[in-house]
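Undergrad: In full-length UniProt numbering, the protein residues as written are 1 to 123.
See below:
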């Protein structure tokens, strides 16, 4: 009960359920825009109407082909920038961004800036 009460208080501080929903939409929009505007460098193959706002998987492509070496480099460079746990599920591979409630819009912006810089440096 104590922990639940702390979570309810924190949720209220974030603007309640409406505020939490707005944060979730903002964060996922930042990531999906970065993927969708990458001209095929980053690809999320999930139909837009089914996309998750919490877990966003994507692949890095070179000439339309999945590039696991670049994905590994992306993950190692992300770790150097204090961005961890981005490796995709072992059954699917690739990269997976998890935008849980504790992830702030500012942290999400840091990730999308990293993604854009990585694309510029490796495309």
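We treat Cβ as the ideally placed atom computed from N, Cα and C, and that holds for glycine.
1. If you draw a straight line from the alpha carbon of residue 207 to that of residue 79, how long is it in whole angstroms?
2. Please report the residue range of the alpha helix (DSSP H) in which residue 76 lies.
3. Compare the C-alpha of residue 30 against each of 9, 15, 11, 53 and name the closest.
4. Taking only runs that begin and end inside the UniProt domain "Aminotransferase class V" (1 to 111), name each unbroken alpha helix (DSSP H) of 4 or more residues, in chain order.
5. Within 8 Å, do at least three Cβ pairs link the segment 62 to 82 to the segment 100 to 107?
6. What does a CB cutoff of less than 6 Å around residue 119 pick up in its chain, not counting 5 residues either side in sequence?
7. Determine the closest residue to residue 58 out of 43, 8, 28, with distance taken between C-alpha atoms.
8. Could you tell me how far apart the beta carbons of residue 27 and residue 99 are, in whole angstroms, since I believe they sit closer than 8 Å?
TA: Looking at the coordinates:
1. Residue 207 is absent from the structure shown; the chain starts at 1 and stops at 123.
2. 68 to 80
3. 53
4. 2 to 13, 16 to 36, 68 to 80
5. no
6. 38, 41
7. 43
8. 5 Å
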